[in-house]
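J.:
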Amino acid sequence: MITQEEVNKLKEKIASADAVVVGVASGMSAASGFVFYYQEDEVFRHIAGQLARKYDRHNMFDLFYDRRLTRGEQWALMLRTIRYVYECYTGETYLDLAELLAGKEYYVATTNQDAQFYRVFPDDRITRIQGDWRFWQCSRPCHDKIYYNEQESCRLFKEIKNDTLPDELIPRCPHCGAELAPWVRSHTFLQGEYYRREMNRYVDFLRRNTKRKTVFLELGVGMMTPMFIKEPFMNMVYQWPQAFYVTINPQHAIIPKEIASKSLAVKDDIAVVLKQLLGKTIDAAKCAGKADIFNPSRVY
Ligand SMILES: [Zn+2]
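Counting from 1431, one number per residue, gives the positions in the sequence shown under the working numbering.
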């Protein structure tokens, strides 16, 4: 568990920083109880319906990418996931992070596709590196546009029968007729004008802060895609004279020796550490059951 000394050091680093660059991945949402993507829980069972048993899959990630699924089944999973993204609660880790960063100059880069940040942070301080479930794109993609899907996904959700969306209802591209696809990282992920605008905004923020006291705060980034957040953060801390690296991560709080003197690794639960940084009691971490708070088996 994080020591009081580490809590104080971390608080001081954030308080004295000119800027905070926040890099967030799935561990942040997992710490708020959103684990269906990697673990079998009630949410997964609801989204999967009978498909979990049919394909003997026990988390959304494995089921969604199972090649045996029909198109209609895959769309049923997608529509239920999208609906959950719109209707689920706001994760407590996100609310706590917003409180921690209030009044600071900060920017968020995230690989999370669950849009939790948009509930508590301004749009213009967020860059989505791997897209967002709330949008669709052409699956080819034949044109550079993403489509906000709240109304359409809600309408189609009601058409799911036997864990399947009928083929004739699968949404199609208005230009070429190909299926639409979720705007999330895949081999056809659309990184067009919209995507570049967000990436440029992030890069501009980084450029403005190269010489300042900048804290890189990494929350729950695993080793599936370290090239988006973890490795760039380490490189920038290495090169920027006044940068400091903080990683809060129960499983992958790794610090290369080259930046050891300007880093702090906290191998603990994000939900708990944020509470401690805010001076709140750990019991207030109602985002997870008490038994789960220190559960090391959480997948990040
Ligand atoms: Zn198209």
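Built from N, CA and C at the ideal position, the CB exists for glycine as well. Model, not experiment: these values are computed from the prediction.
Return the CA-CA distance between Ser1446 and Lys1484, expressed in angstroms with no decimal places.
T.: Reading the sequence shown from its first residue, position 16 is the one you call residue 1446. Reading the sequence shown from its first residue, position 54 is the one you call residue 1484. Near 54 Å, if we compare the C-alpha coordinates of Lys1484 and Ser1446.
J.: How would you label Pro1671, buried or exposed, when you count the other beta carbons within 10 angstroms and need 16 or more for buried?
T.: Sequence index remark: in the sequence shown, residue 1671 carries index 241 (1-based). Classification for Pro1671: exposed.
J.: What are the residues that DSSP puts in a beta bridge with Thr1540?
T.: In the sequence shown, the residue the question calls residue 1540 occupies position 110. Paired residue(s): Val1454, Arg1558.
J.: Quick check: what's the CA-CA separation for Lys1443 versus Lys1534?
T.: By one-based count along the sequence shown, residue 1443 stands at place 13. By one-based count along the sequence shown, residue 1534 stands at place 104. Their backbone Cα atoms lie some 12 Å apart in a straight line.
J.: How should Leu1708 be labelled, buried or exposed, when 16 other C-beta atoms within 10 angstroms of its C-beta is the threshold for buried?
T.: Here residue 1708 refers to the residue found at position 278 when the sequence shown is read from its first residue. So Leu1708 ends up on the exposed side.
J.: In chain order, which continuous runs of the beta strand (DSSP E) of length 3 or greater are located wholly inside the segment 1565 to 1649?
T.: As far as the segment 1565 to 1649 is concerned, its whole beta strand (DSSP E) runs of at least 3 residues are 1610 to 1614, 1644 to 1649.
J.: Is the beta carbon of Asn1489 less than 8 Å from the beta carbon of Tyr1468?
T.: As a position in the sequence shown, residue 1489 is number 59, starting the count at 1. As a position in the sequence shown, residue 1468 is number 38, starting the count at 1. Result yes, Cβ atoms of Asn1489 and Tyr1468 sit closer than 8 Å.
J.: Would DSSP call Trp1383 helix, strand or coil?
T.: With the chain covering 1431 to 1730 only, the question about residue 1383 has no answer from this structure.
J.: In the DSSP assignment, the alpha helix (DSSP H) including Ala1506 goes from what residue to what residue?
T.: By one-based count along the sequence shown, residue 1506 stands at place 76. 1501 to 1517 is the extent of the alpha helix (DSSP H) around Ala1506.
J.: Let me know the secondary structure DSSP gives Ser1693 once reduced to three states.
T.: Numbered from 1 along the sequence shown, position 263 holds the residue referred to as residue 1693. Reduced to three states, the DSSP call for Ser1693 is strand.
J.: Among Thr1655, Arg1497, Asp1544, Met1657, which residue has its Cα nearest to the Cα of Thr1520?
T.: Numbered from 1 along the sequence shown, position 90 holds the residue referred to as residue 1520. Here the closest residue by C-alpha is Asp1544.
J.: Compute the minimum distance between the beta carbon of Glu1518 and the heavy atoms of ligand 1, and state whether it is under 7 Å.
T.: As a first step, residue 1518 must be located in the sequence shown, where it is residue number 88. Reading off the sequence, residue 1518 comes out as Cys, not Glu. False, no ligand heavy atom lies under 7 Å from that Cβ.
J.: According to DSSP, Phe1674 sits in a beta bridge with which residue or residues?
T.: In the sequence shown, counting from the first residue as 1, residue 1674 sits at position 244. DSSP lists Val1645 as partners of Phe1674.
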